[in-house]
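Chains as they are written, first to last, in my numbering: chain A, 1 to 230; chain B, 1 to 156.
All C-beta atoms, glycine included, are put in the ideal place defined by N, C-alpha and C.
Quick caveat, the model's predicted, so the values are computed rather than measured.
In what follows, a single structure is set out as structure tokens and then discussed.
Written as structure tokens, this is what we have:
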């Protein structure tokens, strides 16, 4: 057998062959015993791999490692970003914490309106800022579903005097900030910040407490923005 | 536990040892928590990529790769299987691990992600940062090598 035939059989085994090619291959397998025998050998190898490393026992995670994801690492992790990975890894485990009421941090109406407008339409980004009318700059960090069914977004709001990090949630068409605090890790427009630069512990804690699932992917978020978060 | 459990299986198939798998998983989780990730990265795929890099770092630090012989005596399971099951399980791990050990690391990574962990070719390509076509050929070559290995073993 040549390399192409091995690749063909391998793709067939993995369900990666388009339907028409798979059909042609099945016809060949009926007519070519040698090809069929090779496929059987490949299947046997696959079965050994799965039986050995794909078992439930192979997927058992020691408690000490699960605990790493549950324990707050406020001095060592980046708010929001660490959450994204931890939440993803813990998804479906019931390890994310249950509901708890958040705090409302009031702001003046004009700033709240500017912020709401930015939250409604701006895609999350690692490095770009949106200039707001009051001279501050806005960046959406991530979006997630909260445990009460609202859509929430973590954001940064940079003004000359300080940078704020917060979470705002959307209910009945209105964005309300549920937690916000000074972010002492100064954000540049392009620099990749070192781990631990953020001091926004309350924001990270809020997200850990209230996120119902992993953060939205870029495409999920784009669809929500396009549909006005419905 | 789906992703973390899948990541543990990935670690196990790379290391061939439950003890080493736990260590690799722990290193992976600690790296992720300590260093964070780009905001536009897919968290689960990023985790696999970090794990792969941690494993490659580990391999580079080992002058002699003697993972599997050690694993047979040192396996640390969370539960205690019967002696018969343990012996049988260890033989199976030993056989399959020895077969996997014959593969170039890039073939082993690609095959493990798809065959054991159930990733699509596109997902594996994303995690390993190579084109899908490269994943196809690496997996096909890995299988060809494994079939050949078992055929040679049976003849002995």
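I need the straight-line Cα distance from residue i to residue j, nearest angstrom please.
i                      : j                      : result
residue 55 of chain B  : residue 25 of chain B  : 10 Å
residue 104 of chain B : residue 139 of chain B : 11 Å
residue 110 of chain B : residue 48 of chain A  : 16 Å
residue 53 of chain B  : residue 111 of chain A : 44 Å
residue 53 of chain A  : residue 10 of chain B  : 8 Å
residue 18 of chain A  : residue 25 of chain A  : 11 Å
residue 151 of chain B : residue 44 of chain A  : 12 Å
residue 7 of chain B   : residue 146 of chain B : 23 Å
residue 137 of chain B : residue 39 of chain A  : 16 Å
residue 66 of chain A  : residue 29 of chain B  : 9 Å
residue 169 of chain A : residue 118 of chain B : 36 Å
residue 203 of chain A : residue 227 of chain A : 27 Å
residue 37 of chain B  : residue 33 of chain A  : 50 Å
residue 159 of chain A : residue 31 of chain B  : 32 Å
residue 152 of chain A : residue 140 of chain A : 11 Å
residue 7 of chain A   : residue 219 of chain A : 32 Å
residue 128 of chain B : residue 166 of chain A : 34 Å
residue 154 of chain B : residue 128 of chain A : 60 Å
residue 157 of chain A : residue 106 of chain B : 43 Å
residue 57 of chain B  : residue 35 of chain B  : 16 Å
residue 148 of chain B : residue 51 of chain A  : 20 Å
residue 51 of chain B  : residue 131 of chain A : 38 Å
residue 120 of chain B : residue 135 of chain A : 46 Å
residue 96 of chain B  : residue 47 of chain B  : 25 Å
residue 37 of chain A  : residue 3 of chain A   : 16 Å
residue 22 of chain B  : residue 144 of chain B : 30 Å
residue 132 of chain B : residue 126 of chain B : 8 Å
residue 113 of chain A : residue 201 of chain A : 25 Å
residue 122 of chain B : residue 13 of chain A  : 15 Å
residue 10 of chain A  : residue 46 of chain A  : 10 Å
Would you mind telling me which residues of chain A sit closer than 7 Å to residue i, beta carbon to beta carbon, in chain order?
i                      : result
residue 38 of chain B  : 126
residue 93 of chain B  : 52
residue 96 of chain B  : 48, 49, 52
residue 126 of chain B : Correct list: empty, because the minimum Cβ distance to chain A is about 13 Å.
residue 5 of chain B   : 59, 61
residue 17 of chain B  : Within chain A, no residue comes near residue 17 of chain B; the closest Cβ sits about 11 Å away, beyond 7 Å.
Could you work out which residues of chain A lie near residue i, taking near to mean beta carbons separated by less than 9 Å?
i                     : result
residue 9 of chain B  : 53, 54, 55, 58, 59
residue 48 of chain B : The contacting residues do not exist; residue 48 of chain B stays about 11 Å from chain A at best.
residue 25 of chain B : 61, 62, 65
What does residue i reach in chain B if we use C-beta pairs closer than 8 Å?
i                      : result
residue 41 of chain A  : 147, 150, 151
residue 6 of chain A   : 140, 141, 143, 144
residue 16 of chain A  : 120, 121, 136
residue 142 of chain A : 39
At a CB-CB cut-off below 7 Å, which residues of chain B make contact with residue i?
i                      : result
residue 12 of chain A  : None at all; the shortest Cβ gap to chain B is about 11 Å.
residue 46 of chain A  : 115
residue 179 of chain A : Correct list: empty, because the minimum Cβ distance to chain B is about 19 Å.
residue 217 of chain A : 42
residue 214 of chain A : 43
residue 160 of chain A : Here the premise fails: no neighbours, minimum Cβ distance about 24 Å.
Whose Cβ in chain B lies nearer than 9 Å to the Cβ of residue i?
i                    : result
residue 3 of chain A : 137, 140, 141, 144
Is the CB-CB distance between residue i and residue j below 8 Å?
i                      : j                      : result
residue 135 of chain B : residue 142 of chain B : no
residue 30 of chain A  : residue 5 of chain A   : no
residue 68 of chain A  : residue 33 of chain B  : yes
residue 144 of chain A : residue 122 of chain A : no
residue 155 of chain A : residue 178 of chain A : no
residue 126 of chain A : residue 40 of chain B  : yes
residue 217 of chain A : residue 42 of chain B  : yes
Residue i touches chain A at which residues, Cβ-Cβ below 8 Å?
i                      : result
residue 154 of chain B : The contacting residues do not exist; residue 154 of chain B stays about 11 Å from chain A at best.
residue 30 of chain B  : 68
residue 22 of chain B  : 62, 65
Decide if residue i is buried, meaning its Cβ has at least 16 other Cβ atoms within 10 Å, or exposed.
i                      : result
residue 171 of chain A : exposed
residue 28 of chain A  : exposed
residue 240 of chain A : Outside the shown range of chain A, which is 1 to 230, sits residue 240 of chain A, and nothing can be said about it.
residue 215 of chain A : buried
residue 194 of chain A : Unreliable positioning characterises residue 194 of chain A in this predicted model, as indicated by a pLDDT of 36, which lies under 50. The coordinate reading is nonetheless provided below. Residue 194 of chain A comes out exposed.
residue 162 of chain A : exposed
residue 76 of chain B  : For residue 76 of chain B, the predicted model reports a pLDDT of 38, less than 50, meaning its position is unreliable and no value from the coordinates is stated.
residue 112 of chain B : buried
residue 115 of chain B : buried
residue 188 of chain A : Unreliable placement is indicated for residue 188 of chain A, whose pLDDT of 38 sits below 50; the coordinate value is still reported in the next sentence. Counting Cβ neighbours within 10 Å, residue 188 of chain A comes out exposed, since fewer than 16 surround it.
residue 115 of chain A : buried
residue 156 of chain B : exposed
residue 63 of chain A  : exposed
residue 108 of chain B : buried
residue 44 of chain B  : buried
residue 56 of chain A  : exposed
Answer yes or no: the CB of residue i versus the heavy atoms of the ligand COA, is any distance below 7 Å?
i                      : result
residue 125 of chain B : Judged by which ligands are present, the structure shown has none, so any question about the ligand COA falls away.
- Item | Segment contact, 8 Å Cβ cut-off, at least three pairs: the region 218-228 of chain A with the region 6-18 of chain B | In short, these stretches do not touch, since the Cβ pair count stays below three.
- Is the region 141-153 of chain A touching the region 202-211 of chain A in the sense that three or more CB pairs, one from each, lie closer than 8 Å? Counting Cβ pairs under 8 Å, three or more are found: they touch.
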